[in-house]
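Residue 941 is where the sequence shown starts when you use the working numbering, and the numbers rise one by one after that. Built from N, CA and C at the ideal position, the CB exists for glycine as well. One structure below.
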Amino acid sequence: MGMAPSNFLLLPLLLSISLLLLFSSSGAARVSSLSTLSSSSYSTTSPKSDIDSAIVGINKTVSETTKLAKFIHKMQKKYKDGFEANVLNDCNELIQDSKGLMKNSVKALKKYKHDGKVMHVGDAQTWLSAALTDVDTCYDEIKEGSNEELKDAIGKKIEDVETLMDVSLERINDLRA
């Protein structure tokens, strides 16, 4: 009555996709983008290159998140008062926090690469998941009451960062398989 080995291997992937859909307000779009990105720009052949691929992916995400933070800072100059100003201030803090969390994830993966202790992969997952939560929270705040101009200006940039984070999280999940 147990699962066949091939079905058992698909379980983590299905769980990851289910969680993405459950916790993402734009789940279908993110999963579609995730599939496209993960199959094209992250193919690897060895365990060491899987670790390196995950590290490169997170570093790319940090870079894109830095661009997002600069854009938020630019928007803060435009919106100095009111609801949008408060949302942008919150987002700025959340985005800065997410960058630090992603850097912690990279540190954990480097430890795993050095000593092979799987607990570091779990740490990397935790850090990156927390970073994704910060970015999601920022996006939720923007969507909940900001004007359309701000939603349009920042929404796609946040979705792109979230997609990169999803792909990086998928790479980390692959290390545990």
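Delimiting residues of the alpha helix (DSSP H) encompassing residue i
i: residue 1050; result: 1022-1055
i: residue 1071; result: 1059-1083
i: residue 1113; result: 1088-1116
Exposed unless 16 or more other CB atoms sit within 10 angstroms - verdict on residue i
i: residue 1015; result: buried
i: residue 1017; result: exposed
i: residue 1058; result: exposed
i: residue 1092; result: exposed
i: residue 1117; result: exposed
i: residue 1033; result: exposed
i: residue 1060; result: buried
i: residue 1063; result: buried
i: residue 997; result: buried
i: residue 989; result: exposed
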